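These protein sequence lines map, in sequence, to chains A and B. Per the working numbering, residue 41 is the first one in the first sequence, and the count goes up by one each step. Per the working numbering, residue 118 is the first one in the second sequence, and the count goes up by one each step. Only one structure is covered here, and it is reproduced in the block below.
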Amino acid sequence: MYSEGNDKTMVTDMALVVDIRNGDKKALATLIERHKKTAFRIALGLVGNKDDAYDISQEAFLRVYRSAATYDEKQPFQPWFYTIIANLSRTWLRRRSLRDNRMVELDDVSWLLVDDRTPEAAVIKEETVSDLRQALKELSFEDREIIMLQHFRGMSYEEIAHLLSIPKGTVMSRLYYARKKLAGLMRLKNGEK
Amino acid sequence: MVKNKREMLAGYVDGELSEAERQTFEAALAQDPDLRAELEEFKRLQEVTGMVQYADLPDEVWENYWQSMYRKTERGIGWILLSIGAIILLCFGLYETMGRLFADPEAPLWLKIGLSVGGVGLIILLVSYIRERLFAYNRDRYKEVMK
Chain A
41 MYSEGNDKTM VTDMALVVDI RNGDKKALAT LIERHKKTAF RIALGLVGNK DDAYDISQEA
101 FLRVYRSAAT YDEKQPFQPW FYTIIANLSR TWLRRRSLRD NRMVELDDVS WLLVDDRTPE
161 AAVIKEETVS DLRQALKELS FEDREIIMLQ HFRGMSYEEI AHLLSIPKGT VMSRLYYARK
221 KLAGLMRLKN GEK
Chain B
118 MVKNKREMLA GYVDGELSEA ERQTFEAALA QDPDLRAELE EFKRLQEVTG MVQYADLPDE
178 VWENYWQSMY RKTERGIGWI LLSIGAIILL CFGLYETMGR LFADPEAPLW LKIGLSVGGV
238 GLIILLVSYI RERLFAYNRD RYKEVMK
């Protein structure tokens with residue numbers, strides 16, 4: 041997961057948390073260095089604001105530090121860490137938007153950008169990207185989560201199932217309905233123009 | 118069954134169906150124009166999301182990530198200590214003031230009543246806030262992870 045799903049890395053992440061539990065701050069620094077960007081990107085996908093995603097990612101590592109004593113080292117690190125990030129994001133959204141964990145109307149539109157590395161980027165209209173941003177904001181937390189993990193994190197169904205502790209069939213089902221809603225919202229945005 | 122086949126649409130687009138599932142789905146696709154229309158819509162959605170990416174932060178922000186965390190933690194501890202100190206001083210000051218006020222027979226009655234009522238109101242607010250926090254904490258499904 042997070043492109044680091046191989047056994048060696050998973051063992052190392054788990055071992056780091058055990059070291060953190062024993063008070064090893066260098067282990068925490070190593071874990072942060074390894075996962076800080078991933079944590080930020082996941083939070084960004086969930087809350088749609090760079091500054092808050094940055095704060096949430098840092099808070100997630102602090103929670104890891106504080107919760108290390110209760111971490112079961114037989115369990116993989118990524119789902120546990122992801123749960124921390126997702127819960128912090130939910131709490132942030134609950135405090136700010138108060139309804140169905142939808143994103144608040146924020147002025148920050150720069151959290152989702154056209155990828156200049158792709159040749160198709162030259163033809164995609166900024167309007168389409170803007171529609172996508174708006175549509176993503178209006179999805180529920182769970183729908184946005186599954187879209188983020190598959191579309192923007194490029195995770196396989198198996199990886200998502202492992203991360204969210206749900207069956208693979210449920211991943212497929214959730215993705216189907218989330219995409220239906222997203223496509224519907226984008227059609228609506230286009231229709232409004 | 119139609120519902121299951123529609124849900125398989127996501128797996129088909131992502132190449133996540135088994136060979137048997139793919140064949141079943143393609144057979145359904147051949148018969149169902151609505152399903153074909155949905156497929157095109159999903160493909161279009163994939164194209165659009167494939168052309169965008171999440172914003173990143175400047176390198177210097179990442180380089181200072183750990184220090185920034187450390188400073189936030191320090192400040193958090195600082196704020197907590199400052200708050201505790203302020204509460205202690207406030208309570209002591211309030212206690213001294215009210216003690217002297219009530220002991221002074223020439224102090225106006227309205228002042229004594231006003232301070233008493235205000236003091237009681239403050240205590241009620243504090244208790245209410247603590248209760249609310251405890252209530253939320255006890256019902257927090259994720260407290261084992263978030264503590």
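The beta-carbon is built from N, C-alpha and C at its ideal position, and this holds for glycine as well. Treat the numbers as computed from the prediction; the structure is a model and nothing was measured.
Task: Any beta strand (DSSP E) of 3 or more consecutive residues that is wholly inside the region 147-176 of chain B - done: 169-171
Open item on the list: I'd like to know whether the C-beta of residue 158 of chain B is nearer than 8 angstroms to at least one C-beta of chain A.
Closed with: yes
Open item on the list: Between the alpha carbons of residue 140 of chain A and residue 88 of chain A, how many angstroms are there, rounded?
Closed with: Because residue 140 of chain A sits at a pLDDT of 48, beneath the cut-off of 50, its placement in the model cannot be relied upon, and the following sentence gives the value as read from the coordinates. Answer to the nearest angstrom: the Cα atoms are 15 angstroms apart.
Task: C-beta atoms of residue 82 of chain A and residue 125 of chain A nearer than 8 angstroms - done: Taking a C-beta distance under 8 angstroms as the contact criterion, residue 82 of chain A and residue 125 of chain A qualify as a contact pair.
Task: N- and C-terminal bounds of the alpha helix (DSSP H) containing residue 275 of chain B - done: Nothing in the structure corresponds to residue 275 of chain B, since chain B is present only between 118 and 264.
Open item on the list: Following a CB-centred definition, is residue 126 of chain B positioned closer than 7 angstroms to any heavy atom of the ligand NAP?
Closed with: Ligands in the displayed structure: none, and consequently the ligand NAP is not present.
Task: Neighbour-count burial assignment, residue 56 of chain A, 16 or more Cβ in a 10 Å radius - done: buried
Open item on the list: With DSSP as the reference, identify every bridge partner of residue 237 of chain A, one or two as the case may be.
Closed with: Residue 237 of chain A cannot be examined here, being either before or after the span of chain A that is shown, 41 to 233.
Task: Beta carbon of residue 100 of chain A nearer than 8 angstroms to that of residue 128 of chain A - done: yes
Task: Simplified DSSP state of residue 89 of chain A, which is helix, strand or coil - done: coil
Task: Close Cβ partners of residue 76 of chain A (< 7 angstroms) along its chain, the five nearest in sequence each way excluded - done: 97
Task: Rounded C-alpha distance that separates residue 124 of chain B from residue 133 of chain B - done: 12 angstroms
Task: Whether residue 188 of chain A touches residue 85 of chain A by CB criterion (8 angstroms) - done: Result yes, Cβ atoms of residue 188 of chain A and residue 85 of chain A sit closer than 8 angstroms.
Task: Helix, strand or coil at residue 98 of chain A [DSSP, three-state] - done: helix
- [ ] Pair every Cβ in the region 128-143 of chain B with every Cβ in the region 156-164 of chain B, then say whether three or more of these pairs are closer than 8 angstroms.
- [x] yes
TODO: Using a Cβ cut-off of 8 angstroms, pull out every chain B residue sitting near residue 212 of chain A, in sequence order please.
DONE: Chain B residues near residue 212 of chain A: 124, 125, 127, 128 and 133.
Task: Unbroken alpha helix (DSSP H) run spanning residue 202 of chain A, endpoints - done: Unbroken alpha helix (DSSP H) run through residue 202 of chain A: 197-204.
Open item on the list: Beta-carbon within less than 7 angstroms of residue 229 of chain B's beta-carbon, same chain only, minus the 5 sequence neighbours each way: which residues are those?
Closed with: 218 and 219
Open item on the list: Residues of chain A with CB closer than 8 angstroms to the CB of residue 196 of chain B, please, in chain order.
Closed with: Neighbours of residue 196 of chain B in chain A, taken as residues at a C-beta separation under 8 angstroms, are lacking, since the least C-beta distance is about 15 angstroms.
TODO: Alpha carbon to alpha carbon, how far is residue 241 of chain B from residue 202 of chain A? Give it in angstroms, no decimals.
DONE: 47 angstroms
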